[in-house]
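Taking it in order: structure first as structure tokens, then the write-up.
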Amino acid sequence: MKIITEKKQWNESIKSFPFWDVSHLWGYHEAFRLRDPSFEARLFLFECEQGRLAYPFCLKKLSLHPEYSEKGKNRFYLDTVYGHVGPLYEGDSVEKIWQACEKDFRQYCEDENIVLIQERFHPVYQNQIKLFPESQVYEKRKLVVCTTLDFENLYHTTHRKNRRYLRMAKENDLQFIQAGIEEIDDFLALYYDTMERNQAEEVFYFEKEFFVFLHEELQELFTLFFCYKDGKRINGTISLHSPTSGIGFVMGNDRNYRKYNLGFVSAANFLDYFNTIDMPKLIVGGGNTTALDNPMLRSKMKYTQEEPVSFYVGKTVLWPELEEGDFYGNSTLD
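When we follow the UniProt record's numbering, the leftmost residue of the sequence shown carries the number 1, and every step to the right adds one.
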């Protein structure tokens, strides 16, 4: 087992795997560490006869855990960063590779006094595993994942109500234009107004410095589009992507243009854009609750004829004195 913290070695290791997400990269972890300096990002790299595996984690003090702070003296836990992570692997099945690595990782946790591990897996890669026999893996919610395609094919496969919005966008000459990071202030005006209007949780308020740093690290994997109506910006969306999957990260809308269903029309723009660069899957997201009849989820399910996929989370308690609990609560973090 090898532990990597240095940027160049970390990114080279991640990008050597046949699939990976931006949430596996050093820069993505560092962007969140700059917001919360209390954790350390570490990439665990395993190699064995069955293949190889990479798994990034955030090492945190248990005393800062929202549920277990009173038990945290001189103890730690591992958590995956905001987003979709889970292990990357090459070779045999992820389960077979992990079986060969499990002993070393357990010993590391014992040596470092790590008593809890929390995981978020990836809905495209479906890379959920049980780290140890006592580990638990749960389906957290359903998410909509769309295969990227051009506007014409999307028009013929999306729900009839969405076809109406695509026609409205064309008839009203809505234009999507890609922008650079120098226009981030214009995006933030739309984004913060949308967050305030929706009374969003504080965790969803990202600072300008966060976006600037993330763009500096991700470069072409960070994409900002504005939607224009009569020369006015009415929507801005930032998407992050790797060669194999992307996600609409954050979005802001002008409240005066709700009739255009800018959430869907923006997603349609990214499905078309990612199709042109041969990026196959876009994570559209889920609802703001776990219910299958959640209105937000049902609306996103109309984007595509594909069935929603499962988003899994995992929990491993390595110290019996920790109480069992709903380890990600009712968080909407997908």
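Each residue gets a CB set at the ideal place from its N, CA and C atoms; glycine is no exception. Note that the structure is a prediction, hence the values are computed from the model and not measured.
Give the secondary structure of P123 by DSSP, where H, G and I count as helix, E and B as strand, and everything else as coil.
The residue labelled residue 123 in the question sits at position 123 within the sequence shown. In the structure shown, P123 sits in coil (DSSP, three-state: anything other than H, G, I, E or B).
Counting beta carbon pairs with one atom in the stretch 261–279 and one in the stretch 39–56, are three or more of them shorter than 8 Å?
Three or more Cβ pairs closer than 8 Å define a contact, and the stretch 39–56 falls short of that threshold against the stretch 261–279.
Have a look at the DSSP bridge pairing and note the partners of I247.
In the sequence shown, the residue the question calls residue 247 occupies position 247. DSSP output for I247 lists L240, I283 as bridge partner(s).
Is DSSP giving G86 helix, strand or coil here?
Translated into the one-based positions of the sequence shown, residue 86 becomes position 86. It is coil, neither helix nor strand.
Under the rule that 16 or more other beta-carbon atoms within 10 Å means buried, what is Q128, buried or exposed?
Translated into the one-based positions of the sequence shown, residue 128 becomes position 128. The residue is buried, with at least 16 neighbouring Cβ atoms inside 10 Å.
How about the stretch 88–95 and the stretch 249–268: do they share at least three Cβ pairs that are nearer than 8 Å?
Cβ pair count under 8 Å is below three, so no.
Measure the beta-carbon distance from R42 to L64 and round it to whole angstroms, keeping in mind my assumption that it falls under 8 Å.
On the sequence shown, residue 42 is found 42 positions in, with the first residue counted as 1. On the sequence shown, residue 64 is found 64 positions in, with the first residue counted as 1. Contact between R42 and L64 is ruled out by a C-beta separation of about 17 Å, above the 8 Å threshold.
Per-residue burial, residue 342 [other beta carbons within 10 Å of its own, 16 or more giving buried]
This structure leaves residue 342 out entirely; the chain is present only between 1 and 334.
If you count every other CB in all the chains shown that lies within 10 Å of the CB of V203, and 16 or more means buried, which is it?
Taking the sequence shown and counting its residues from 1, one reaches residue 203 at position 203. Exposed, because fewer than 16 other Cβ atoms sit within 10 Å of the Cβ of V203.
If I follow the unbroken alpha helix (DSSP H) through T147, where does it start and stop?
One-based indexing of the sequence shown puts residue 147 at position 147. First-last for T147: 136–147, but that is the beta strand (DSSP E), not the alpha helix (DSSP H).
Quick check on I4 - is its C-beta less than 8 Å from some C-beta in chain C?
The structure shown has no chain C; it contains just one protein chain.
Span of the alpha helix (DSSP H) holding L190?
Here the question's residue 190 lines up with position 190 in the sequence shown. Where L190 is concerned, the enclosing alpha helix (DSSP H) stretches over 184–197.
With DSSP collapsed to three states, give me the class of A268.
As a first step, residue 268 is located in the sequence shown; it is residue number 268 there, counting from the start. In this structure, A268 counts as helix in the three-state DSSP scheme.
Among C109, F17, Q219, K130, the one whose alpha carbon lies nearest that of R52:
Numbered from its first residue, the sequence shown carries residue 52 at position 52. Its Cα nearest to that of R52, the residue F17 stands out among C109, F17, Q219, K130.
Suppose you measure from the CA of V85 to the CA of Q199; what does that come to, to the nearest Å?
The residue labelled residue 85 in the question sits at position 85 within the sequence shown. The residue labelled residue 199 in the question sits at position 199 within the sequence shown. Going from the Cα of V85 to the Cα of Q199 covers about 27 Å.
Would you mind giving the Cβ-Cβ distance between I283 and V145, rounded to the nearest angstrom? I have them listed as a contact below 8 Å.
Within the sequence shown, numbered from 1, the residue matching residue 283 stands at position 283. Within the sequence shown, numbered from 1, the residue matching residue 145 stands at position 145. Going by Cβ atoms, the distance from I283 to V145 rounds to 5 Å, so yes, they are a contact pair.
Please state the DSSP three-state secondary structure of A54.
As a working mapping, residue 54 is identified with position 54 in the sequence shown. In this structure, A54 counts as strand in the three-state DSSP scheme.
Is F19 helix, strand or coil by DSSP?
As a position in the sequence shown, residue 19 is number 19, starting the count at 1. In the displayed model, F19 falls within coil according to three-state DSSP, outside both helix and strand.
Below 8 Å on the Cβ atoms is my contact criterion, and I expect F213 with A31 to pass it. Report the Cβ-Cβ distance as a whole number of Å.
Sequence index remark: in the sequence shown, residue 213 carries index 213 (1-based). Sequence index remark: in the sequence shown, residue 31 carries index 31 (1-based). That pair is a contact at about 5 Å.
Just curious, the beta strand (DSSP E) that R229 is in, first and last residue?
For the purposes of this step, residue 229 is taken as residue 229 along the sequence shown, with counting starting at 1. It should be noted that the sequence gives Lys, not Arg, for residue 229. DSSP places K229 inside the beta strand (DSSP E), whose first and last residues are 222–229.
How would you label T316, buried or exposed, when you count the other beta carbons within 10 angstroms and need 16 or more for buried?
Counting from one through the sequence shown, the residue named residue 316 turns up at place 316. So T316 ends up on the buried side.
Mind checking who L166 pairs with in its DSSP beta bridge?
Locating residue 166 in the sequence shown gives position 166, where the first residue counts as 1. Residue pairing from DSSP leaves L166 without any beta-bridge partner.
Assign E217 to one of two classes, buried (16 or more other C-beta atoms within 10 Å of its C-beta) or exposed (fewer than that).
Sequence index remark: in the sequence shown, residue 217 carries index 217 (1-based). Burial call: buried.
Rounded to whole angstroms, how far is the Cβ of V265 from the Cβ of A169, which I believe are closer than 8 Å?
For the purposes of this step, residue 265 is taken as residue 265 along the sequence shown, with counting starting at 1. For the purposes of this step, residue 169 is taken as residue 169 along the sequence shown, with counting starting at 1. Cβ atoms of V265 and A169 come within 8 Å of each other, at about 5 Å.
Segment contact flag, the stretch 19–30 with the stretch 218–227, C-beta cutoff 8 Å, min 3 pairs
Touching, yes, given that three or more Cβ pairs across the two stretches are closer than 8 Å.
Which one of W10, A179, K73, F39 has the shortest CA to CA distance from Y55?
For the purposes of this step, residue 55 is identified with residue 55 of the sequence shown, where counting begins at 1. In this structure, W10 is the residue among W10, A179, K73, F39 with its C-alpha nearest to the C-alpha of Y55.
Opening and closing residue of the beta strand (DSSP E) in which A179 lies
Position 179 of the sequence shown, counted from the first residue, corresponds to residue 179. Going by DSSP, A179 is part of the beta strand (DSSP E) stretching over 175–179.
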